[in-house]
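J.:
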Ligand code: 1HN
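Residue numbers (this note's numbering): 2 to 356.
Shown next, in the form of structure tokens:
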């Protein structure tokens with residue numbers, strides 16, 4: 002990026018020489034000429050610095066295990082290896098707006114209670130019989146479950162099994178920090194108190210009914226564990242009678258049952274089934290999207306790069322890169338993106354097909 006990369010094309014560069022003294026004096030007053038930067042600020046197409054990337058679980062897992070030898074959950078607060086976008090190194094970003102990490106918790110360990118403005122999602126990759134306690138209610142987590150920690154709710158995690166538990170942490174703190182709106186508290190104690198029995202929320206809102214007088218102030222879905230068992234069954238039933246989408250296959254978006262909008266206010270989440278042999282029509286959108294393969298095997302073309310992905314792998318499709326899928330087996334993929342945040346701000350754009 003040179004100093005004149007954003008200069009308006011009609012500006013006479015020779016004449017600029019004579020204006021330098023003015024620019025220097027203006028800088029003393031914290032003033033700068035827009036015409037030298039305008040087209041860098043307002044680009045004709047998305048200026049994408051993130052790169053497509055594939056994180057093979059086979060390659061990443063040994064690092065998670067090694068981290069367990071090196072640090073405990075008490076010392077680390079959260080034992081998470083950050084998935085950095087190779088185009089955005091050192092920034093804890095998988096896309097400009099989204100965080101992605103892999104958290105590992107061993108039998109008997111507790112990730113201590115805290116809360117923050119950033120919303121978080123967990124997507125379970127490996128293990129069983131670990132819980133997340135969120136706003137006073139515990140949920141047990143299984144592979145493929147999508148679990149939500151709403152903004153500013155107390156949460157702690159524990160592993161009651163005899164093996165490691167690994168999940169993806171997806172957070173929106175880069176959006177929060179863009180607005181300088183971050184707050185965080187630690188709970189005085191490893192866990193926070195129980196307020197509701199396990200399954201209480203599902204009884205309240207999980208059956209397409211709500212109790213008389215029920216109130217829910219947050220914009221985040223009250224359902225905080227969308228179980229894989231139910232999601233997978235929905236996809237299977239859907240695939241029996243509906244046409245698949247040419248770009249997305251059989252795709253279901255997670256919603257807040259109280260509003261019909263996305264389950265989280267800033268992060269869109271979805272699960273898709275790509276039947277064996279399915280070859281998608283290319284698709285691009287301004288929503289940078291993180292994928293996790295739950296089942297199957299596929300070839301994913303992102304821009305001019307091709308990745309072979311299998312169960313548990315993670316890959317990222319940055320804004321405006323065309324993506325195309327070839328399913329070698331029945332393949333199920335979870336995804337999260339900043340689509341809903343962009344849509345609420347009237348930014349979101351998408352294109353289907355090859356143009
Ligand atoms: C966090 O609070 C968790 O609660 C996981 O498990 C990952 C990454 C950045 C900031 C906060 C958790 C996180 C995080």
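Glycine included, each C-beta is placed from N, C-alpha and C at the ideal position.
Predicted model, so just to flag it, every value in this text is computed and none were measured.
Measure the CB-CB distance between residue 236 and residue 253 and report whether it falls below 9 angstroms.
T.: Going by C-beta atoms, residue 236 is nearer than 9 angstroms to residue 253.
J.: What did DSSP end up calling residue 209 once you bin it into helix, strand or coil?
T.: Residue 209 falls in the coil class under three-state DSSP.
J.: Is it right to say residue 318 is buried, meaning 16 or more other beta carbons lie within 10 angstroms of its own, or is it exposed?
T.: Flag for residue 318 reads buried.
J.: Which value, in whole angstroms, describes the spacing of the CA atoms of residue 284 and residue 323?
T.: Between residue 284 and residue 323, the C-alpha separation is close to 5 angstroms.
J.: Note down, in chain order, each residue of its chain lying with its Cβ closer than 6 angstroms to the Cβ of residue 88, except the 5 sequence neighbours on either side.
T.: These residues qualify, in order along the chain: 50, 51, 52.
J.: Report the three-state DSSP secondary structure of residue 105 (helix, strand or coil).
T.: Correct three-state label for residue 105: strand.
J.: Just to confirm my understanding: we take residue 330, look at its own chain, exclude 5 residues before and 5 after, and list those with CB closer than 7 angstroms. What are they?
T.: Around residue 330: 277, 297, 298.
J.: Between the stretch 104-112 and the stretch 220-227, do three or more beta carbon pairs fall short of 8 angstroms?
T.: Verdict: no, contact absent.
J.: If I measure Cβ to Cβ from residue 141 and keep anything under 6 angstroms in the same chain, skipping five residues before and after, which residues do I get?
T.: Counting only Cβ-Cβ distances below 6 angstroms, and skipping sequence neighbours, we find 132.
J.: Mind checking whether residue 59 and residue 102 have CB atoms under 9 angstroms apart?
T.: No, the Cβ-Cβ distance between residue 59 and residue 102 is not below 9 angstroms.
J.: From the DSSP secondary-structure annotation, give me the bridge partner or partners of residue 306.
T.: For residue 306, which the question treats as bridged, DSSP gives the partners 303.
J.: If you check the beta carbons only, do residue 8 and residue 38 fall under 9 angstroms apart?
T.: In this structure, residue 38 lies closer than 9 angstroms to residue 8 by Cβ.
J.: Straight-line CA distance for residue 205 to residue 137?
T.: Each residue's alpha carbon lies about 15 angstroms from the other.
J.: When DSSP builds the beta bridges, which residues end up paired with residue 140?
T.: Answer by DSSP bridge pairing, in chain order: 133.
J.: When you measure from the CB of residue 100 to every non-hydrogen atom of the ligand 1HN, does any distance come out below 8 angstroms?
T.: Yes, the beta carbon of residue 100 sits closer than 8 angstroms to at least one heavy atom of the ligand 1HN.
J.: Is residue 104 a contact residue of the ligand 1HN, with contact defined as CB to any heavy atom under 8 angstroms?
T.: Yes, the Cβ of residue 104 comes within 8 angstroms of a heavy atom of the ligand 1HN.
J.: At a threshold of 8 angstroms, does residue 173 count as lining the ligand 1HN (C-beta to nearest heavy atom)?
T.: No.
J.: By the three-class DSSP mapping on this structure, what secondary structure does residue 59 have?
T.: Three-state result, residue 59: helix.
J.: So what's residue 24 in DSSP terms, helix, strand or just coil?
T.: DSSP places residue 24 in helix when its eight states are reduced to three.
J.: Under a three-way DSSP split, which group does residue 242 fall into?
T.: DSSP places residue 242 in helix when its eight states are reduced to three.
J.: Which partner residues of residue 279 appear in the DSSP bridge assignment?
T.: Answer is none; residue 279 lacks a bridge partner.
J.: Using the C-alpha atoms, what's the distance from residue 106 back to residue 159?
T.: Distance between the alpha carbons of residue 159 and residue 106 is about 7 angstroms.
J.: Regarding residue 170 and the ligand 1HN, is the C-beta to nearest heavy atom distance less than 8 angstroms?
T.: Answer for residue 170: yes, Cβ within range of the ligand 1HN.
J.: Of the residues 271, 65, 259, which one's Cα is nearest the Cα of residue 216?
T.: For the residues 271, 65, 259, the minimum Cα distance to residue 216 belongs to 259.
J.: Which stretch, first to last residue, makes up the alpha helix (DSSP H) that contains residue 179?
T.: It spans 174-179 - the alpha helix (DSSP H) in which residue 179 sits, taken as one unbroken run.
J.: Give me the Cα-Cα distance between residue 79 and residue 183, rounded to the nearest whole angstrom.
T.: Each residue's alpha carbon lies about 18 angstroms from the other.
J.: Kindly list the residues whose CB is nearer than 7 angstroms to the CB of residue 125, restricted to its own chain and excluding five residues on each side of it in sequence; keep chain order.
T.: For residue 125, where only same-chain residues beyond five positions count, the Cβ hits under 7 angstroms are 142, 143, 144, 145, 146, 168.
J.: Is there at least one non-hydrogen atom of the ligand 1HN closer than 8 angstroms to the beta-carbon of residue 94?
T.: Not under cutoff, so the answer is no.
J.: Indicate, with yes or no, if the ligand 1HN has a heavy atom lying under 8 angstroms from the CB of residue 115.
T.: It does: the Cβ of residue 115 is within 8 angstroms (strictly closer) of some heavy atom of the ligand 1HN.
J.: Looking at the ligand 1HN, does it come within less than 8 angstroms of residue 112, judged from the CB to the closest heavy atom?
T.: Correct: residue 112 has its Cβ closer than 8 angstroms to the ligand 1HN.
J.: Looking at residue 321 and residue 286, is the spacing between their C-beta atoms short of 9 angstroms?
T.: For residue 286 and residue 321, yes; Cβs fall inside 9 angstroms.
J.: Answer with buried or exposed for residue 26, where buried requires no fewer than 16 other C-beta atoms within 10 angstroms of its C-beta.
T.: Under this definition residue 26 is an exposed residue.
J.: Taking the Cβ atom as the reference point for each residue, do residue 310 and residue 55 lie within a distance shorter than 9 angstroms?
T.: Result yes, Cβ atoms of residue 310 and residue 55 sit closer than 9 angstroms.
J.: Can you tell me which residues form a DSSP beta bridge with residue 19?
T.: The partner list for residue 19 (beta bridge, DSSP) is empty, contrary to what the question assumes.
J.: Would the C-beta of residue 150 count as close to the ligand 1HN, meaning under 8 angstroms from any of its heavy atoms?
T.: Answer for residue 150: yes, Cβ within range of the ligand 1HN.
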